[in-house]
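Each remark here refers to the structure printed beneath this line.
2 protein chains.
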Amino acid sequence: MTSGNPAANHPPCEPVGFETHDHAGCISAAVAAAETHCAGNGLRFTPVRRKALEILLQEHRALGAYEMLDRLRDAGFGSQPPVAYRALEFLVANGFAHKIERLNAFIACAHPGASHSPAFLICTACSSVAETQSAAARGSLGDAARAAGFRIERTMVEAEGLCPACAGKADA
Amino acid sequence: MTSGNPAANHPPCEPVGFETHDHAGCISAAVAAAETHCAGNGLRFTPVRRKALEILLQEHRALGAYEMLDRLRDAGFGSQPPVAYRALEFLVANGFAHKIERLNAFIACAHPGASHSPAFLICTACSSVAETQSAAARGSLGDAARAAGFRIERTMVEAEGLCPACAGKADA
DNA sequence: CGGCTCCGTGTGATTTTATAACGTTACAGA
DNA sequence: TCTGTAACGTTATAAAATCACACGGAGCCG
């Protein structure tokens, strides 16, 4: 019910990690994928929502809701917090973005359309965030939950540490 | 450097899950363990900190910082936010409590002194929280991090879903 | 077309969560 | 005892999130 098979063709940027990649292509492909997904699922990919997604992709980092709001205002949209929160809520609800709880911030999804049990690597030095996969709910966590009679619906995994660049500096 | 082997003897309450258990014993044992740990590590287990821990244990649920503040004020301590935040920061830093990022709330550690890669099961219906273990960093997440050159220092795992009680109601 | 409803948007106001800054007190070690 | 540091209490402020309400456009039905 939630998705037919919309954005299964995902952008040509390298999916995981801290490497650089083809940014312009990454953005336009992700936006197109979102558009297709919305069209196919009766969702309205409105200007604010599109712009919010573009901003997240453009920045390519975790953005606070108020940073998002600033940028949306600059782009001519409303200037009150709900504008940003609503757009972000839509993006998160539909898998185009994720919320990083630890940072109270949002980041574009790096694997749009993919199966999705995302995990995040957060650098404590430079605040960069990388998205990766984690089968948390299928490992020991799933076992523990089952043993406790708990029915897992969603799992959040966020690891803090040092990204390659910052780890290098720290060692030097 | 961080711990000799202080609170390795942990309280006689059942460690995981949503079952009931011996509460009074649980509390006094956990407080005693914290006291021992602090004494052995040059940490000051001051009245506010002790009271904050007692409150968390007493409530046996995730408590917001301002709820904690209310109770500390009732107990005769300061009445401004930093009072609660500082006590909670101490408890978290020393492993006596954990922050549930998803709820912006704090809960007493259910395995004081144990090895500690905690994970949490959060009921979306009743907001109860259970602590369990997760070897997240040693599974696929660890592999991905290593591949990316990321050095994990801490991992946060929080699963949302339905606790046994609420799942039962939902099915009925 | 006209009227209806739903959903999304814009705005003002407020609530909730968290930190900054500063003076005072209490404690441990020289 | 003296001295440095850590903890505490307070005022003030910042940051994050939500509430409530009005307006307007898209789709639907007659």
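Sequences listed follow chains A and B, in order.
Sequential numbering of the first sequence, starting at 1024, is according to the numbering used here.
Sequential numbering of the second sequence, starting at 1024, is according to the numbering used here.
Glycine included, each C-beta is placed from N, C-alpha and C at the ideal position.
No experiment lies behind these values; they were computed from the predicted model shown.
Neighbourhood of Ile1175(A) in chain B, by CB distance below 7 Å: Ala1182, Gly1184, in chain order. Counting only residues of its own chain and dropping the five nearest sequence neighbours on each side, Ala1128(B) has a CB closer than 7 Å to the CB of Ala1085, Leu1086, Gly1087. The stretch 1109–1168 of chain A is shown to contain whole beta strand (DSSP E) runs of 3 or more residues at 1120–1123, 1128–1131, 1141–1146, 1152–1156, in chain order. As the crow flies, the alpha-carbon of Arg1109(B) is around 48 Å from that of Gly1065(A).
For Ala1182(A), the three-state secondary structure derived from DSSP is strand.
The alpha-carbon of Ala1055(B) is positioned some 29 Å away from that of Ala1168(A).
Close CB contacts of Ser1140(B) within its chain, under the 7 Å cut and outside five residues either way in sequence, are with Gln1156, Ser1157, Ala1158, Ala1159, Ala1160, Thr1178 (chain order). For Arg1125(A), the nearest CB of chain B lies under 9 Å from its own CB, placing it at the interface with that chain.
Using beta-carbon distances, Gly1048(A) does not count as an interface residue toward chain B, since no partner is under 9 Å.
Between Thr1069(B) and chain A, the shortest Cβ-Cβ separation is not below 9 Å. Between Pro1135(A) and Ala1047(A) the beta-carbon gap is near 16 Å, outside 8 Å, which marks them as no contact. Look at Arg1174(B) here: in three-state DSSP terms it is strand.
Listed by position along chain B, the residues whose Cβ is nearer than 7 Å to that of Gln1081(A) form an empty set, because the closest Cβ is around 22 Å away.
Three or more beta-carbon pairs separated by less than 8 Å link the stretch 1101–1120 of chain A to the stretch 1071–1086 of chain A, which places the two stretches in contact. Proximity of Pro1104(B) to chain A, defined by a Cβ-Cβ separation below 9 Å, is not satisfied.
Of all residues in the stretch 1145–1156 of chain B, the ones placed with a Cβ closer than 9 Å to any Cβ belonging to chain A are Cys1146, Thr1147, Ala1153, Thr1155, Gln1156, in chain order. Taking Leu1080(A) as the centre and dropping the five residues before and after it, the same chain places the C-beta of Ile1050, Ala1053, Ala1131 closer than 6 Å to its C-beta, in chain order. Annotation: Cβ neighbours of Thr1178(B) in chain A (cutoff 8 Å, chain order): Val1180, Glu1181, Ala1182, Glu1183. Ranking Ala1188(A), Ser1163(A), Gly1165(A) by CA distance to the CA of Ala1171(B) puts Ala1188(A) first.
One thing to note: Gly1184(A) has its Cβ no nearer than 9 Å to the Cβ of Glu1124(B). By a beta-carbon distance limit of 8 Å, Val1071(B) contacts Leu1095(B). Their separation comes to about 7 Å. Within the stretch 1155–1170 of chain A, contact with chain B at the beta-carbon level (separation under 7 Å) is assigned to Thr1155, Gln1156, Ser1157, Ala1158, Ala1159, Ala1160, Gly1162, Ser1163, Leu1164, Ala1167, Ala1168. Bounds of the alpha helix (DSSP H) holding Thr1059(B) are 1046–1064. If you ignore the 5 residues before and after Glu1090(A), its C-beta comes within less than 7 Å of no other C-beta in its own chain. Taking all protein chains in view, the Cβ of Lys1122(B) is crowded by 16 or more other Cβ atoms within 10 Å, so the residue is classified as buried. Classified as buried, Gly1118(B) has 16 or more neighbouring CB atoms from the shown chains inside 10 Å of its CB. One finds Gly1172, Phe1173, Arg1174 in chain B with Cβ atoms closer than 9 Å to the Cβ of Ala1190(A), taken in chain order. Under the 9 Å criterion on CB atoms, Pro1135(A) is classed as non-interfacial with respect to chain B.
For the C-beta of Ala1142(A), the chain B residues within less than 7 Å are, from N- to C-terminus, Leu1164. Approximately 5 Å separates the beta-carbon atoms of Phe1143(A) and Glu1181(A); this is inside 8 Å, confirming the contact.
One thing to note: Ala1190(A) has its Cβ no nearer than 9 Å to the Cβ of Phe1068(B). Per DSSP, the unbroken alpha helix (DSSP H) holding Gly1191(B) starts and ends at 1187–1194.
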